[in-house]
Structures are given as structure tokens and as C-alpha cells.
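Protein chains in written order, with UniProt numbering: chain R, 1 to 508; chain B, 1 to 165; chain U, 1 to 328. Structure first, commentary second.
Printed below as a string of C-alpha cells:
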């Protein structure tokens with residue numbers, strides 16, 4: 001009850017006219033930042049941070065966190081329309097969002113993505129509002145072994161759901177791991193797989209690879225079919241939005257599951273990217289029609305978006321409660337808190353009540369504002385599909401090049417983008433799945449780091465991965481998911497045998 | 001896209017050839033990784049050394065690549081891409097390649113303008129003023145958003161230097 | 001008449017002559033060899049804010065993060081930009097450590113030193129539930145611990161690792177160092193009891209110290225820190241005893257400074273020295289120093305170069321002993 005009173009107080013703070021204005025400006029800026037690949041949430045927030053030095057901390061954090069909400073929403077737009085993820089956490093959204101757009105269901109996909117994002121964020125904020133201190137303590141229980149458990153679980157929930165040739169899935173996964181290993185190794189402090197090249201030293205950035213693999217290659221594939229986009233003219237009006245909304249309750253299980261996955265991944269800092277993949281993987285596993293995934297299944301848009309947004313929001317919880325950044329953007333916001341003269345940590349809830357509850361209230365309002373704004377822009381973005389290919393394609397390619405460059409301010413990355421464009425084109429035509437590569441690239445070295453950190457601590461003893469209830473649960477869950485498919489086949493086989501055995505004596 | 005492979009009647013690059021080339025390149029990547037990893041130590045010294053995982057993964061890649069190679073050679077031959085499709089792809093790819101090359105010399109803004117102009121004239125059917133408008137406006141908008149609003153510097157060339165940026 | 005013309009010419013030239021002092025003509029880029037949100041990034045953004053707020057430069061300041069390869073990429077970038085007076089780089093000890101540990105072909109001697117802004121202290125932190133009260137207790141515990149006690153910190157062959165190994169060697173004990181992706185994660189791991197100690201900078205642990213999750217044992221410097229304002233209920237930064245006074249003779253501080261690319265003119269260098277002098281005097285900067293318990297130590301010109309030479313020698317020595325210098 002006390003919390004509710006505090007929250008009401010927070011709403012009073014957040015609902016002053018200038019704070020609402022900051023919220024709207026922030027969300028709009030965030031959408032721009034989210035739409036442009038390469039210019040991500042952390043950059044967007046960091047770029048505007050110095051502007052806020054003179055501001056009241058509450059207004060400042062409302063402005064900056066609204067940019068974050070906007071970026072979370074905006075990442076889905078280009079994923080769905082052009083197969084180019086604007087943010088790393090919207091890669092999984094492309095898997096079904098882009099096919100939907102190609103089938104002329106861009107409006108439905110966008111509405112689903114935005115609404116799912118909103119639901120995810122809302123669950124994250126509710127978590128922060130009511131159980132912040134409790135959950136924050138839980139995050140502290142994650143040592144390296146537990147982190148490895150989380151990453152392993154993410155892999156296992158995603159892998160093994162593919163239809164493609166098994167050897168090609170494995171090849172794609174292995175290639176992703178190798179690419180992730182390039183650069184400076186955290187544990188030994190040595191450079192590896194760089195072959196003395198200073199360009200390779202920084203490794204392969206996830207976004208650069210993804211822009212090439214998905215965005216550039218898609219344009220090359222599109223052009224094979226002639227000089228136009230496959231997306232059909234889609235009706236874009238309120239009716240589409242309402243129709244999509246009306247269909248959502250059917251997917252309550254997916255939404256709920258993804259929200260839980262997202263909140264969990266945000267708090268334990270597994271991150272929004274891992275959450276989106278896990279959400280997608282689980283939705284496909286538990287679906288009655290897993291074969292529809294990857295071909296324009298609305299659930300394949302809902303699941304990763306809900307999870308990513310729930311994780312992105314929950315990531316702010318450890319930041320506020322413990323001073324631990326749960327994500328890169330949270331790290332920048334944390335820097336901001338210190339610059340404004342606030343000390344993040346448990347005492348913040350006691351010393352700066354107004355600030356904390358103002359921020360929490362602004363999370364509710366910022367996401368509502370975000371949802372309304374992005375829904376209003378759906379027709380605008382969908383209209384882009386109507387622009388002639390010969391105009392839109394070069395603009396997309398220019399934006400891709402800029403995106404690849406801005407990630408690390410490196411010209412070499414533009415070349416990498418081009419190379420991965422060809423790789424993506426060839427891989428797609430040869431049915432090498434791209435998702436395992438991307439997943440391994442984003443989580444591979446983090447999983448390896450956690451694994452080796454755990455073993456450093458245990459002196460090389462592998463039993464550390466089953467040393468307590470938490471990590472054992474994670475590992476067993478992961479192994480269960482890994483063998484889900486094969487086990488299912490075995491079960492079917494046994495069932496058939498028994499069925500035959502029963503049938504045999506009955507028909508003499 | 002899988003089913004989009006055109007009937008064998010139209011001439012093009014053999015799928016088997018491309019499958020083989022890709023598998024061989026994967027073997028090459030794996031070979032490089034193995035060479036680098038064993039050079040630095042891929043053993044187990046109170047926990048894995050820094051070459052341990054790359055080396056194991058590279059071996060897995062070797063196995064997967066060989067398996068793909070074998071199944072590709074046993075598979076029925078089909079066309080990877082027809083020559084007419086390839087020509088279309090090249091129409092996009094060659095300008096794109098030149099664009100990335102040009103960025104190093106004239107900066108991203110001028111290169112983008114040239115690239116768009118080339119693309120729109122070659123592949124589109126726009127009126128001259130439409131092309132001109134797009135070619136001039138796009139870099140200007142990009143400049144305004146990145147350089148002026150977000151303060152993200154992009155690669156610049158002699159023209160920008162002349163204008164004082 | 002002729003005189004008048006001469007006077008007119010002189011008058012026309014005069015402002016030009018006095019404007020000989022160089023001024024930036026386009027936006028200034030500050031390259032940060034760390035990701036957004038880290039302590040170097042915070043310093044750069046504080047400087048950016050202080051400059052903008054006090055209107056010290058007419059041109060805008062842009063911050064570019066290049067965190068790859070422990071800052072190696074950023075240093076290579078500065079090396080390539082020789083002669084560009086619109087680029088700066090924030091530096092820490094990484095400016096010697098990264099080239100030594102990775103054999104990267106860069107050296108600060110190819111850059112133009114501008115100013116040292118401050119020094120950052122390192123503190124020995126332990127989880128509050130541990131019985132150790134002094135550094136001595138900790139070392140005694142490390143002596144008998146099996147498996148060895150664990151310390152954690154940012155990366156491998158970097159500052160934290162160096163301190164940990166130096167402690168091992170000086171006290172003659174065995175400690176396991178676990179590298180994390182940054183000071184933040186190492187701070188959380190300490191609060192969660194997954195490691196036994198870390199060597200974080202004051203700014204990285206202040207939140208957990210105030211909330212009572214961790215406690216400081218000693219600061220790795222010859223004398224206590226200067227900040228006497230209470231941070232927790234009963235302790236200030238100045239109350240943390242120096243490690244040497246507790247029998248752990250390890251001292252280590254890290255510079256936080258600014259460099260320019262090589263081959264810039266003395267006027268250009270002088271402009272930035274003057275600029276950072278002004279920044280160092282702003283209240284924003286002073287508040288920043290206090291908040292992060294940095295040691296104020298502004299140096300420029302020869303004093304800075306002398307410091308760098310000596311500091312590099314010290315690092316070479318320590319890293320050589322620790323076995324961090326790349327050989328192949």
C-alpha cells in the first residue's frame with residue numbers, strides 16, 4: 001500500500017507539463033535513434049547526456065529514459081519493413097516480421113510488435129514497482145557459473161528448432177562462435193584470431209554483421225526477382241490495428257511466457273538480446289504449429305518483442321536498486337545519475353524518493369506515450385513500401401553503410417558489411433540458417449568468458465556447474481530443452497511400438 | 001526463396017559448384033582458426049586456455065563442412081543463380097562496391113549522392129529533377145541528423161574540408 | 001598619405017597578428033577508448049558538459065567511443081590522425097599497458113601530451129560479511145586459504161590484474177584473479193560473494209559501500225585520500241588507511257589525462273593546455289573529482305612528460321615482474 005502511495009506521488013511528479021513534454025520529445029528522438037541501425041539506445045542516451053547537466057535530475061532521467069523507450073519501440077520498424085534490425089534486440093523480430101511484410105501484412109506486424117513491446121515493458125515496470133528490492137537481491141546470486149547457465153539455456157531453447165540440414169545448422173553455429181572469438185580475449189588479455197591485422201583487433205561487431213547478413217543480402221535477393229519489393233500494398237488504418245488487437249488474447253500464453261523470460265533476463269543481466277532469442281525459441285517450441293515460424297507467424301513477432309522490451313525495462317531495476325547496469329543503456333544512465341549528483345544503490349529509494357518514483361511513474365507514462373506515437377506512425381512507415389524500389393533501395397543501402405560505420409566509427413566495418421552481404425546472399429540461397437550464426441556471434445564469447453571465469457574460480461573443477469540449486473536448475477532445464485526434440489521422437493517411437501504390441505494380440 | 005530456384009532449362013551457375021566453394025571456404029576458415037589456436041595453446045590448464053574453444057569449434061566446423069560437401073556432391077544438380085538473375089544482382093552489387101570504395105576518397109556524403117544518382121538513373125525511370133532532388137536532399141538530411149543533431153561524425157572528404165568541416 | 005596607408009595596413013593586420021593563437025575551426029572529437037557509461041566516458045562527458053556550460057569553446061565537442069581491443073583501436077586511430085588538431089583522446093594507464101600486453105605498434109611518444117587531469121586511486125574492497133578488518137587479515141587469510149582466495153577486476157593484464165599479481169608477489173601468497181568485463185561486473189560479483197576481494201576505483205564501489213554490501217580495507221597509495229566528507233555513516237574516503245601502513249607494501253595509481261595526435265603545432269597544443277586548465281577550475285569538474293574521489297593532480301608541459309616517462313618505467317617494471325609483457 002505504501003508503494004502505491006509512493007507511485008501516486010511519482011505520477012504527480014511525472015505529470016507536470018514540462019516532464020510530459022520531455023517524455024514526448026524523448027520518445028520521438030528514441031524512435032529516430034532506434035530506426036537508424038548503428039545508432040543505438042546507448043549512443044542516443046550518451047549523446048544527449050551532456051545536455052541534461054543543468055536540468056533537474058528527475059526531468060533529465062525522464063528525458064533520457066524516454067529515448068530508451070523510443071529506441072526499444074523503433075528497433076522493430078526497419079526489422080519488419082526491410083529485414084534490417086535497427087537494434088540488436090530486434091534481430092529475432094525479422095524472422096517472422098519481414099515475411100509478414102512481404103505478404104502485405106506490414107501493418108499487422110508493426111502493430112503486433114509495438115503492442116508486444118508495450119506489454120513487455122509494462123510487465124517490467126510492474127516488476128520494478130512492486131518487488132524491486134526482493135528481485136534485486138536475487139541478481140546478486142549470479143556468479144560466472146550461473147551466467148553460463150543462462151547463456152547455455154538461451155542456446156538450448158533456440159537451437160534444435162530448425163528445419164534446415166543439420167550439418168548446415170552446425171556449420172552456421174560454429175562460424176558464429178569463431179567470429180565471436182576474434183579480437184581481445186577477456187580472460188587471457190591476449191589478441192586471438194587476428195593474424196596481426198589491426199582491423200580484426202576489434203573483432204566482428206554484431207550489428208555490422210547483421211546489417212550485412214540481413215539487410216544488404218535481402219536487397220540482393222530482392223533484385224533477383226526483379227526491380228521491386230515483394231511487399232504488397234497493405235491497408236493501413238485503424239481497422240488493422242483493432243483487428244490485430246482483437247487477435248492478441250489468443251496468444252496470451254506466448255505473451256506471458258515472453259514477459260517472464262524477459263523480466264528474468266533483464267534482472268539477471270542476461271540482456272534484451274538474449275531475451276529476444278529465448279522468447280522466440282520458446283514460442284516456437286511450445287507452438288502447435290512450429291513449422292509456421294519463419295514464414296510470417298504473428299507469434300514470432302510477439303514473442304521476441306515482448307521479451308526484449310520486458311528485459312530492457314527490467315534492466316533498469318538492478319541499476320536503480322543496486323547500481324548495477326543491466327544493459328549498455330542502463331550503464332550510460334547510471335553514469336548520468338552520478339553526474340547529476342545521485343548515488344545509485346539501495347539508498348536511492350530512501351534518500352531520493354521523489355526521483356525514484358517519478359522515474360517509475362514516467363516508465364508507465366513514457367510507454368503509453370511511446371505506444372500511441374509509434375502506432376500513429378505506422379501508416380507513415382508503411383507508406384515507405386509504396387516508394388519505388390529504385391529510390392528506396394539506394395537509401396536503404398546508404399543507411400546500412402552509415403549504420404555499419406557508426407557502430408565503431410570504422411571505415412573497415414563498411415567493407416565488412418559488404419562482405420557479410422555476400423555471405424548472407426549465398427547462405428540464404430544455399431539454405432544455411434542465419435539465426436544460429438547470429439546467436440553464436442552475440443552470446444558466444446560471453447558464454448565462453450563465463451565458462452572460463454567459473455573454472456578459474458573452481459580451479460578447473462567442472463562440478464561448479466552443478467554446485468548449487470540455482471545453477472543446477474538452469475543447466476538441467478537447458479539440457480532438457482536441448483534433448484526435447486530427440487526425446488520427443490524417442491517417445492513417439494516407443495508409443496508406436498507399444499501401440500503395435502497392443503494391436504498385435506488384439507488381431508489374431 | 002528455396003523454392004524460387006528456376007527450372008534447370010535456364011542457364012546459370014551450378015549450385016553444386018557454389019556449395020562446394022562455400023564448404024571449402026568454411027574449411028579454410030576452420031583451418032585458419034586451428035592454426036591460430038594451436039599456435040597459442042588450445043589445451044586445458046586449470047580451465048581452458050584461450051585457444052581451447054576456438055579450436056574445438058573449428059574441428060566441429062571441419063566436420064560440418066565435410067558433411068555439407070559430401071551431401072552437396074551427392075545431391076541432384078540444380079542452378080544456383082541464372083545468368084540473367086546474376087546480371088540484375090550485379091547491377092546493384094557493382095555500384096554498391098564502388099560506393100564503399102568511394103567513401104574512402106570523397107567521404108560518405110558525396111559518395112552517397114553519386115551512388116544514389118547512379119542507382120536511380122540505371123535502375124529507375126525518374127524525371128531528372130526527381131533524381132536531382134533525391135540525390136541532393138538525402139545527404140543533406142543525413143548530414144543534418146548525424147553531424148549537426150546527434151553529433152556523430154561520419155567519414156568526410158575533400159568537399160567537406162573545403163566547406164570547413 | 002603613405003604613412004596613413006601603412007597605418008591602415010598595420011591596423012588591418014593587427015587583429016590577425018593577435019589572433020595568431022590557434023582556435024579550433026571545426027567540431028572537436030574526444031575519443032574515449034572505453035564503452036559509454038564507463039569511468040573514462042564519464043570523465044569525457046563531464047568535460048564536454050563543463051566546456052559547453054561555461055562556453056569555453058565556440059565549436060561543439062563530440063564524444064566518440066572506441067572501446068575495442070582494450071583501447072588499442074582508439075590509440076591506432078589517434079596515431080593515424082597525426083597532425084589533426086581537432087582530435088583528443090582520454091587516457092588511463094592503458095596507454096602503456098595495452099601496447100605492452102598486446103604488442104600493438106603504438107606508443108604515447110607518437111602522440112602529443114596535453115594535460116593530466118587527475119589520478120585515480122585503487123582500493124582493496126571485501127564483502128562486508130567477511131571477517132577481515134585490515135589488509136593484514138586479508139593476506140593472512142590468503143596464506144592459509146585452499147583453494148586460493150579470489151580477486152576480480154576489469155579484464156586481464158590491466159590495472160586490477162597488475163595490482164592483484166603484485167600483491168601476491170609482495171606478500172608471498174597465492175591469489176586467483178578472475179577477469180570480468182569491467183569494474184561494474186566485478187563490483188556486483190563482490191557484493192554477491194562470488195569473489196573475495198576486488199581492487200576497484202572509489203567511483204566503482206561507492207554505491208555498494210554506502211549500502212553496506214562491501215567495505216574498504218586499504219587504499220593502494222602511500223598516504224590516505226584527501227576527501228574528508230563522510231560517505232557512509234561513520235567513514236570518509238580519508239578514513240581508509242593506506243595499504244603500506246598495514247604491512248601490504250603495494251601502491252598504485254592511474255593517470256587520467258588527455259592526449260592529441262602527433263605532429264600538431266605548439267600553438268594548437270597550447271590552446272588545449274589552456275582549455276583544460278580552465279576546465280579544471282570549473283565547479284563542475286571539482287564536483288566530479290569529489291564525487292569520484294579522484295586525486296586532483298593537474299599537470300601539463302614538461303611536468304606531464306616527466307610523469308609519463310616515470311610512470312611508463314614503473315609499469316614496464318611491474319608488468320615485467322608479473323609476466324604480462326607479450327613475448328611472441
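We put the beta carbon where it would ideally sit given N, CA and C, even for glycine. This structure is a prediction, so every number in the text was calculated from the model and none was measured.
**Prompt:** Does the beta-carbon distance from residue 165 of chain B to residue 26 of chain U come in below 7 Å?
**Reply:** yes
**Message:** I'd like to check one pair, residue 179 of chain R with residue 204 of chain R: are the Cβ atoms closer than 7 Å?
**Reply:** yes
**Prompt:** For chain R, is any of its Cβ atoms less than 7 Å away from the one on residue 166 of chain U?
**Reply:** Taking Cβ atoms only, chain R never reaches closer than 7 Å to residue 166 of chain U, which makes this a no.
**Prompt:** Mind checking whether residue 71 of chain R and residue 44 of chain R have CB atoms under 7 Å apart?
**Reply:** yes
**Request:** Compare the Cα-Cα distances from residue 264 of chain R to each of R/225, R/295 and R/138 and report the closest residue.
**Result:** R/138
**Request:** Could you check if residue 309 of chain R is buried or exposed, using at least 16 other CB atoms within 10 Å of its CB as the buried criterion?
**Result:** buried
**Request:** Indicate whether the contact test is met: 3 or more Cβ pairs, each with one atom in the segment 154-170 of chain U and one in the segment 186-206 of chain U, closer than 8 Å.
**Result:** Yes, since at least three Cβ pairs between the segment 154-170 of chain U and the segment 186-206 of chain U fall closer than 8 Å, the two stretches touch.
**Prompt:** Nearest to residue 418 of chain R by CA position, among R/218, R/94 and R/119, is which residue?
**Reply:** R/218
**Asked** Taking Cβ positions only, does residue 240 of chain U come closer than 7 Å to chain B?
**Response** no
**Asked** Taking 7 Å as the CB-CB limit, is residue 150 of chain B close to chain R?
**Response** yes
**Request:** Work out the CA separation of residue 122 of chain R and residue 48 of chain U for me, nearest whole Å.
**Result:** 35 Å
**Request:** Give every residue of the same chain whose Cβ lies closer than 8 Å to the Cβ of residue 128 of chain R, excluding the five residues on either side of it in the sequence, and list them in chain order.
**Result:** 313, 314, 316, 317, 320, 360 and 363
**Item:** Every unbroken beta strand (DSSP E) within the segment 154-231 of chain U, with a cutoff of 3 residues, ordered by chain
**Value:** Listed in chain order, they are 175-180 and 214-219.
**Prompt:** Can you list the residues of chain U that residue 48 of chain B reaches, using a CB-CB cut of under 9 Å?
**Reply:** Under the 9 Å cutoff, chain U gives no residues; its nearest Cβ is about 14 Å from residue 48 of chain B.
**Item:** Reduced DSSP secondary structure (H/G/I, E/B, other) of residue 302 of chain U
**Value:** helix
**Whole-Å CB distance - residue 259 of chain U paired with residue 88 of chain U, under 8 Å assumed** = 7 Å
**Between the CA atoms of residue 260 of chain R and residue 13 of chain R - distance to the nearest angstrom** = Roughly 29 Å separates the two Cα atoms.
**Prompt:** chain R beta carbons: is any one of them nearer than 7 Å to that of residue 211 of chain U?
**Reply:** yes
**Prompt:** Looking at the C-beta of residue 207 of chain U, does it have a partner C-beta in chain R at a distance below 7 Å?
**Reply:** yes
**Request:** Using a Cβ cut-off of 7 Å, pull out every chain R residue sitting near residue 52 of chain U, in sequence order please.
**Result:** 50
**Asked** Which bits of chain B does residue 446 of chain R rub up against, with CB to CB less than 8 Å?
**Response** Those do not exist, as residue 446 of chain R stays about 12 Å from chain B at its closest Cβ, beyond 8 Å.
**Message:** For the beta strand (DSSP E) containing residue 123 of chain U, name the first residue and the last one.
**Reply:** Here the beta strand (DSSP E) through residue 123 of chain U covers 123-127.
**Prompt:** So is residue 301 of chain U buried or exposed if we call it buried at 16+ other beta carbons inside 10 Å?
**Reply:** So residue 301 of chain U ends up on the exposed side.
**Prompt:** What is the rounded straight-line gap between the Cα of residue 114 of chain R and the Cα of residue 241 of chain R?
**Reply:** 10 Å
**Request:** Classify residue 43 of chain R as helix, strand or coil using the three-state DSSP reduction.
**Result:** helix
**Asked** Can you find a CB in chain B that lies within less than 7 Å of the CB of residue 209 of chain R?
**Response** no
**Message:** Once DSSP output is grouped into helix, strand and coil, what is the label at residue 256 of chain U?
**Reply:** strand
**Prompt:** Excluding the five sequence neighbours on either side, which residues of its own chain have a C-beta within less than 6 Å of the C-beta of residue 82 of chain R, listed in chain order?
**Reply:** 396
**Request:** Measure the C-alpha to C-alpha separation of residue 142 of chain B and residue 168 of chain R and round it to an integer number of angstroms.
**Result:** 39 Å
**Message:** Measuring CB atoms only, is the segment 22-29 of chain R touching the segment 369-382 of chain R, in the sense that at least three cross pairs come out at less than 8 Å?
**Reply:** Yes, they touch.
**Request:** Find out if the Cβ-Cβ distance for the pair residue 262 of chain R, residue 275 of chain R is shorter than 7 Å.
**Result:** Yes, they are a contact pair.
**Nearest-angstrom Cα separation, counted from residue 62 of chain B out to residue 78 of chain U** = Whole-angstrom Cα-Cα distance: 40 Å.
**Prompt:** Is the segment 171-185 of chain R touching the segment 394-409 of chain R, taking contact as three or more C-beta pairs under 8 Å?
**Reply:** no
**Message:** Quick check on the burial criterion: 16 or more other C-beta atoms within 10 angstroms. Buried or exposed for residue 131 of chain U?
**Reply:** exposed
**Item:** Separation of residue 483 of chain R from residue 494 of chain R, as counted between CA atoms
**Value:** 16 Å
**Prompt:** What are the start and end residues of each continuous alpha helix (DSSP H) run of 4 or more residues lying completely inside the UniProt domain "DUF1468" (21-155) of chain B, in chain order?
**Reply:** Listed in chain order, the alpha helix (DSSP H) elements of length 4 or more contained wholly in the UniProt domain "DUF1468" (21-155) of chain B are 52-74, 83-123 and 128-142.
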